[in-house]
Amino acid sequence: MTRLRCALLALTCCLLADAAFAQLSVVATDINPDRSANPDADAATGGRVNHLGVDRSNPARIYAASEWGGLFRSTDNGVTWSHVEGHVPTVTWDVKVDPTNSNRVYATSFYDGRTNSRSGINVSTDGGVTWTHPATATPPAGFCATDTPRRSEAAAFGIAIDPANANHVFIGTNCGLAISLDAGATWTFRDPAGTGGDNIWAVVVHHGGIIDLCGDNGHLRSTNGGTTWTTAATPLPSGTCSITASPDESYVLFAVVGFSIFESDDGGQTWPGTYANPSPQGRIPFVATNKRSGSNYDLWFGDIGLHRGTCTTPSPAAPGGTQRCNASTGWAGTCIPGVGCALTRIAGGHDDTGDIAFAPGVAANACPLFYSSDGGVFRNTSTASPACHTPTWTQPTITPHGLWNFSFSGVSQPGAVTEHLYHGNQDNGTFGALNGGGTPVTWNNQNCCDGFDTAGDGTRALTTVCCFASVPPAPPVRLTRLYITAPGLTGASPQINTYPPGNMRMAE
Amino acid sequence: MRTWLHPAVFALTGLAVWFGSHATAVAQPTQTTVRVESSLALTVEIFCSETKLRTTDARIRWGIPRTMLDASSAAGFAAANPRLEVTVYKNGFDKGLLVALPLSAASSNPPAVPQAANAQTRPQLRAFQIRVIEVEQPRTAQALEAGSQMGVVVENLEPGINYTFRIAMDTPAGRIASPPATKQAQVCPADFVLPRPVPGRKR
Chain B
1393 MTRLRCALLA LTCCLLADAA FAQLSVVATD INPDRSANPD ADAATGGRVN
1443 HLGVDRSNPA RIYAASEWGG LFRSTDNGVT WSHVEGHVPT VTWDVKVDPT
1493 NSNRVYATSF YDGRTNSRSG INVSTDGGVT WTHPATATPP AGFCATDTPR
1543 RSEAAAFGIA IDPANANHVF IGTNCGLAIS LDAGATWTFR DPAGTGGDNI
1593 WAVVVHHGGI IDLCGDNGHL RSTNGGTTWT TAATPLPSGT CSITASPDES
1643 YVLFAVVGFS IFESDDGGQT WPGTYANPSP QGRIPFVATN KRSGSNYDLW
1693 FGDIGLHRGT CTTPSPAAPG GTQRCNASTG WAGTCIPGVG CALTRIAGGH
1743 DDTGDIAFAP GVAANACPLF YSSDGGVFRN TSTASPACHT PTWTQPTITP
1793 HGLWNFSFSG VSQPGAVTEH LYHGNQDNGT FGALNGGGTP VTWNNQNCCD
1843 GFDTAGDGTR ALTTVCCFAS VPPAPPVRLT RLYITAPGLT GASPQINTYP
1893 PGNMRMAE
Chain Z
1282 MRTWLHPAVF ALTGLAVWFG SHATAVAQPT QTTVRVESSL ALTVEIFCSE
1332 TKLRTTDARI RWGIPRTMLD ASSAAGFAAA NPRLEVTVYK NGFDKGLLVA
1382 LPLSAASSNP PAVPQAANAQ TRPQLRAFQI RVIEVEQPRT AQALEAGSQM
1432 GVVVENLEPG INYTFRIAMD TPAGRIASPP ATKQAQVCPA DFVLPRPVPG
1482 RKR
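Note that the protein sequences, when read in sequence, are chains B and Z.
Under the working numbering, residues 1393 to 1900 are what the first sequence spells out, in order.
Under the working numbering, residues 1282 to 1484 are what the second sequence spells out, in order.
Below, the structure is given as structure tokens:
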């Protein structure tokens, strides 16, 4: 064959390959596990969910803001969940539905590293199908003390809708407070403390438009729509926080900062009351109140576990006086070392709380409907008061697919269906499958908690799980465990080592 | 003194003498005037304890510039009262809302509270239940003269709280301090595996 013919043949081959490549299409199919069969509630499939938003007009519809997977929505009372594709930012924090308009939804998110990021505040007016990132939802130039990163890497946190006027929306951001008076169409920013737009983590609007917020400047209050603000001489500490108000007394506030719980009985002028945290860890603790019968209401607190305290409004109600709740002495939801917490892991829900959602539009004794945590979203199977206030949780049939993958591996097998697949996840454990090419993939959730690495060779599988083994009465010991199992993480899984040896050194 | 501590003592003494003439008198914490020495910039590293579960620690380091190493008298060290001041409030130093940890040695005791502190300082605040567990000082005179860093390790920070640190000391002419450095205490989670499945639980 002449050189010319060789060259022509090579050129033809290249052109044909190019054409074939241009016609190549890739289809990505979601093969996340839908739910876990592991009896340990901390073995789950939902991933970390930070906050929830229930549609007051249609309580069967709920939204969930996951830590890394974006927004999810259920339209069947939390039985099945699907991803909200139209909301672009994936590092979501909070989501709330306009109580007067099911189609209007607000969502907040952290900066996600994208160029031309849409992180911060996003608004939907069609029930979450499409979303807008209003131009005015970014602080004006020069507003933030450390201007460039806070504006170009916008982040937004807690959402509050004024119960007295749903067009008034207040959102804490990484540069002050964002306020909309037209249901999210336009926004203005406030710097309540006058310190150059610091982090505001949580906002609550109540009792006719009183605004209470917390964040880097502690607590601040406004009674005139955000025009002026007051704070205590000794404010709350600076840090991540959650805040709520008594349903009966506008001057009674509860806040958690770090993992310390505070009470004010004078509108935030002083914070003398404190409550013991029954399960301190501090990932994203929250407080919430729920009106009960007569002068009673519940104070819900979440950290590792979920806890409920009983509170009473004095008669006559007046600022000051004693703490309203018995929480320090009578929290419901005891945590038992080595077993779990009574209102979470023992009750069927993953530990490490995020949020709780009550039945909307109920004047008193509203049942807690949903609870979010590091394992996803869980439904309360107890639906009638008073039993529902000691919830029993169940995972959805199809959980949010919000897993935080630490590892993914596989072993090729003969045929298109019988591929071995493995993955390990933050908080939700390790998974294996023998039909990785099947529809659906059948996953086995071997272990709970932090599954760091997985590998297989066709005849066996290895997984490492970084859990803190607790064998009472000895204090918890930190171990990273290495397990070996049959392919697909099926059958027995003996521990063959702790890795690395001496993972936690003894105090000298 | 012929111990390895001697150069560090001279360094701190030299620091106190060097700035003594520039500070103003100290009043009540809420009225304290502090001269900020920018060359004493701190670095703060937050990390999880390697020996205690769910325990957040901080390593605070600072360097002493070579120009300050001309020590004069070790007697000035005791009067300098070097300490790590900590606040968990925005502008807490200006408001006098702080606690002080002596830098003389590691201690398992709670932090010392300024004598002028009042109830508003909330020394019993969980966020203030921290302690110095390690004092890092140059091991050799040569290392000190090279301008290596000094530091302390503080244990038991409250996760999620913004801590602001500064090094402060009293001089004959007033109080001096490093620029403040703020870091948020991270969460140190401790998930655990159940020793056996909880009976009766259904999924």
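The beta-carbon is built from N, C-alpha and C at its ideal position, and this holds for glycine as well.
For chain Z, the residues of the region 1622 to 1649 of chain B that bring a beta carbon within less than 8 angstroms of one of its beta carbons are Ala-1625, Thr-1626, Pro-1627, Pro-1629, Ser-1630, Gly-1631, Thr-1632, Cys-1633 and Val-1649, in chain order. Contact between the region 1637 to 1655 of chain B and the region 1677 to 1688 of chain B is present: three or more C-beta pairs spanning the two stretches fall below 8 angstroms.
Phe-1646 (chain B) is not a Cβ neighbour of Thr-1623 (chain B), given a cutoff of 9 angstroms. Restricted to the region 1797 to 1835 of chain B, not a single alpha helix (DSSP H) segment is unbroken, complete and at least 4 residues in length. In this chain, Ser-1572 (chain B) is not harboured by any alpha helix (DSSP H); it is covered by the beta strand (DSSP E) spanning 1568 to 1572.
Closest in alpha carbon position to Thr-1662 (chain B), among B:Asn-1442, B:Ile-1423, B:Gln-1715 and B:Thr-1831, is B:Gln-1715. At a C-beta separation below 7 angstroms, Gly-1610 (chain B) has these neighbours in chain Z: Tyr-1370 and Lys-1371. Considering only beta carbons, the part of the region 1432 to 1453 of chain Z lying closer than 7 angstroms to chain B consists of Glu-1439, Pro-1440, Gly-1441, Ile-1442 and Asn-1443, in chain order.
Close CB contacts of Thr-1528 (chain B) within its chain, under the 6 angstroms cut and outside five residues either way in sequence, are with Thr-1578 and Trp-1579 (chain order). DSSP places Ser-1656 (chain B) inside the beta strand (DSSP E), whose first and last residues are 1652 to 1656. Contact between Arg-1364 (chain Z) and Pro-1383 (chain Z) holds, with the beta-carbon distance rounding to 5 angstroms and staying under 8 angstroms.
Non-local beta-carbon contacts of Asn-1688 (chain B) in its own chain, meaning distances under 6 angstroms to residues more than five positions away in sequence, involve Thr-1704 in chain order. Counting other Cβ atoms within 10 Å of its Cβ, Asn-1508 (chain B) stays below 16 and is therefore classed as exposed. For Asp-1590 (chain B), at least one C-beta of chain Z is nearer than 9 angstroms to its own C-beta. Within the region 1820 to 1851 of chain B, Asn-1839, Cys-1840, Cys-1841 and Asp-1842 place their CB atoms closer than 8 angstroms to a CB of chain Z, listed in sequence order. When Cβ pairs closer than 8 angstroms are counted between the two stretches, the region 1447 to 1455 of chain B is seen to touch the region 1478 to 1498 of chain B, the count reaching three or more.
Tyr-1370 (chain Z) is bridged by DSSP to nothing; it lacks a bridge partner. Beta-carbon to beta-carbon, Arg-1700 (chain B) and Trp-1692 (chain B) are separated by about 5 angstroms, close enough to satisfy the 8 angstroms threshold.
Annotation: Leu-1365 (chain Z) has no Cβ neighbours in chain B at a cutoff of 7 angstroms; minimum Cβ distance is about 18 angstroms. In this structure, DSSP gives Arg-1716 (chain B) a state outside helix and strand, which the three-state scheme calls coil. Counting the other Cβ atoms within 10 Å of the Cβ of Asn-1443 (chain Z) gives 16 or more, which makes it buried. Residue state for Ser-1319 (chain Z) is assigned as helix, using DSSP reduced to three classes. Excluding the 5 residues flanking it on each side, Ser-1804 (chain B) has same chain C-beta neighbours closer than 7 angstroms at Glu-1811, in chain order. Taking one beta carbon from each stretch, the region 1588 to 1606 of chain B and the region 1559 to 1575 of chain B have 3 or more pairs nearer than 8 angstroms; the two touch. Contacts with chain B (Cβ-Cβ distance below 7 angstroms) from the region 1462 to 1474 of chain Z involve Gln-1465, Val-1468, Pro-1470, Ala-1471, Asp-1472, Phe-1473 and Val-1474, listed in chain order. Taking 7 angstroms as the cut-off between beta carbons, none of the residues of the region 1683 to 1705 of chain B comes near chain Z.
Under a criterion of Cβ atoms nearer than 8 angstroms, the residues of chain Z adjacent to Ala-1585 (chain B) are, in order, Lys-1371. The C-beta distance from Gly-1713 (chain B) to Pro-1670 (chain B) rounds to 24 angstroms, too long to meet the 8 angstroms contact threshold. Contact check for Arg-1340 (chain Z) and Gly-1432 (chain Z): beta-carbon distance about 6 angstroms, within the 8 angstroms limit, so the pair qualifies. Put simply, the backbone Cα of Gly-1768 (chain B) is about 13 angstroms away from that of Cys-1840 (chain B).
In the structure shown, Gly-1880 (chain B) falls within a helical segment according to DSSP collapsed to helix, strand and coil. Taking 9 angstroms as the cut-off, the Cβ atoms of Thr-1522 (chain B) and Ala-1546 (chain B) do not count as close. Taken in chain order, the complete beta strand (DSSP E) segments of 3 or more residues contained in the region 1627 to 1706 of chain B are 1633 to 1637, 1645 to 1649, 1652 to 1656, 1665 to 1667, 1678 to 1683, 1688 to 1694 and 1698 to 1704. Going by C-alpha positions, Pro-1672 (chain B) is about 43 angstroms away from Gly-1850 (chain B). Under a criterion of Cβ atoms nearer than 8 angstroms, no residue of chain B is adjacent to Leu-1382 (chain Z); the nearest Cβ is some 17 angstroms distant. When the beta-carbon positions are compared, Val-1441 (chain B) and Glu-1459 (chain B) come within less than 9 angstroms of each other.
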